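*Asks:*
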Amino acid sequence: MARQVAGVSDRPRIARVAIIDGPDAGKSFPLDPHAASRILVGTSPACEIRLTDPTVSRRHCSFESVGHRWKINDFGSTNGTSINGVSIVEAFVGGEETVRVGSTTLKLEADVVPEPAPLPSAMRFGRVIGASVAMRRLYPLCEQVAASNFPVIIEGETGTGKEALAESIHEAGPGGPFVVFDCTTVSPTLAESELFGHERGAFTGAVGSRPGVFEEANGGTLLIDEIGDLDLALQAKLLRVVDRGELRRVGGTKSIKVKVRILAATRRDLDKAVAAGRFRDDLFHRLAVARMELPPLRERTGDVPILARHFANEIGGSPTALPPETIARFNDYSWPGNIRELRNAIARFLALGDSNLQSRRQGGSPPPPRAEGADWLDAILATQPAFALARRQALDEFERRYVERILEAHGGNVSQAARASGLALRYFRLVKARRRDSSGDG
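Throughout the sequence shown, residue numbering follows the numbering used here, covering 359 to 800 in sequence.
Right, here's the structure in full:
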């Protein structure tokens, strides 16, 4: 008998994959339509539908639940994926199709699938704010992850708030230090030293011993941001630390034990990166104990007005400072830069009264002239730039000064400055790094 949930009857949907031809014929695998991440097909141990067919790639393709349908993505597999005999790269299926991967044929079978449990009514998880269905689906998993100590991969487009989610998971957990390592801001030649530390004389310029971010995060959480950009050789060394909980500094001979909870964030599609050989399958398997994907802002129906008023209040304005027509304009925009772009737009509106979403500075525009006194705006206007460029330069200068002032107000403590301002830690770390560079303090 079909179960009734909140007045909605259960409905037939694709519920399983049955293998009808190939080395694994006779096996079947469930497809959970409420799964929070993709269901992988391939020969790798990381795949939920694991096959033994040698003509199937390690990560061949995936099933992803989208509404009441499933989307199949091929990861550039060696022998391809086809549906009902037609080769595909990406396609939607509704039920009863046959899918061919290598020499294996899969049959999609429908069954009555229960409706999901009612979503929580929460509008936020720590620093992460949103009442859309897409976000409320994530919150229960966030709570489970925060209460554990296993690794997590956080995926999402640039600007979706991956670092804010990582900080929120850490703050809801048992505590300890929270350290960020951004793979995109450290050169490959220095990345190993930054991660694992080094001993005196390990390389030119190593005038003293120094711990890496793993030692700094010992007893707490390490966020490895943009892990998809990490060099392959370093991925192998990172795997050893994840597996054994110990590291060796560059130039060192002693193993150092560390107990660190790893959160890894990426804007890249790691499934495709693994299939292409750009990311180690075994490292992914160890890190992806849990996977979360933050949806882009354009898919978070109803969240833009909530976030806009929140940012207005956080920046120091008032939620009522945003006229209804401005909120409506923001709500209709696609936000390719996601939450980061929205926050910048709110700051620009509060500072300059500008809600023109097309006036963002394009690549190649010159930076604003710097004037450290009260005449900084006059310095910008002295060059007589076009209005849109002058407005953009003024906002950039405002943001720079804002971050520096908040950091100074909190005695250089980046964690306190981030909490007070609502900005991510990296903004304040970049300010401190620039100050060190300008002072010659290496």
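Every residue gets a Cβ at the ideal spot worked out from N, C-alpha and C, and that includes glycine.
None of these values were measured; they are calculated from a predicted model.
1. Taking just the CA atoms, how far does residue 490 sit from residue 703?
2. Taking the DSSP output, what are the residues bridged to residue 604?
3. Could you say if the region 659-674 and the region 496-511 meet the contact criterion of at least three C-beta pairs nearer than 8 Å?
4. Label residue 752 either buried or exposed according to how many other C-beta atoms from any shown protein chain fall within 10 Å of its C-beta, with 16 as the threshold for buried.
5. What residue from 417, 405, 443, 463 has the CA that sits closest to residue 377's CA?
6. Could you tell me whether the region 634-654 touches the region 499-515, where touching means 3 or more Cβ pairs closer than 8 Å?
7. In the DSSP assignment, the beta strand (DSSP E) including residue 498 goes from what residue to what residue?
8. In whole angstroms, what separates the C-alpha of residue 359 from that of residue 418?
9. Would you call residue 477 buried or exposed, if buried means 16 or more other Cβ atoms sit within 10 Å of its Cβ?
10. Looking only at C-alpha atoms, which of 671, 656, 680, 708 sits nearest to residue 694?
11. Could you give the residue range of the beta strand (DSSP E) that holds residue 388?
12. Just how far apart, CA to CA, sit residue 680 and residue 783?
13. Can you tell me the Cβ-Cβ gap for residue 577 and residue 553, rounded? I've got them flagged as a contact below 8 Å.
14. Measure the alpha-carbon distance for residue 467 versus residue 453 and round it to whole angstroms.
15. Looking only at C-alpha atoms, which of 502, 516, 375 sits nearest to residue 699?
16. Answer yes or no: do residue 561 and residue 605 have a C-beta to C-beta separation smaller than 9 Å?
17. Taking the alpha-carbon positions, what's the residue 730 to residue 591 distance?
18. So, helix, strand or coil for residue 450, using DSSP?
19. Given a cut-off of 9 Å on the beta-carbon distance, is the pair residue 445 and residue 434 in contact?
*Replies:* Inspection of the coordinates gives the following:
1. When rounded, the distance between both Cα atoms is 21 Å.
2. 615
3. no
4. buried
5. 463
6. The region 634-654 vs the region 499-515: in contact.
7. Unbroken run through residue 498 is the alpha helix (DSSP H), 497-504; no beta strand (DSSP E).
8. Since pLDDT at residue 359 reaches only 28, below the 50 mark, its modelled position is unreliable, and the value read off the structure follows with that caveat. Their Cα atoms are separated by approximately 37 Å.
9. exposed
10. 656
11. 386-388
12. 27 Å
13. Actually they are not in contact, since the Cβ atoms of residue 577 and residue 553 sit about 17 Å apart, beyond 8 Å.
14. 6 Å
15. 516
16. no
17. Per-residue confidence for residue 730 stands at a pLDDT of 45, beneath the threshold of 50, marking its modelled position as unreliable; no derived number is given.
18. strand
19. No; because the gap between Cβ atoms is not below 9 Å, this pair is not in contact.
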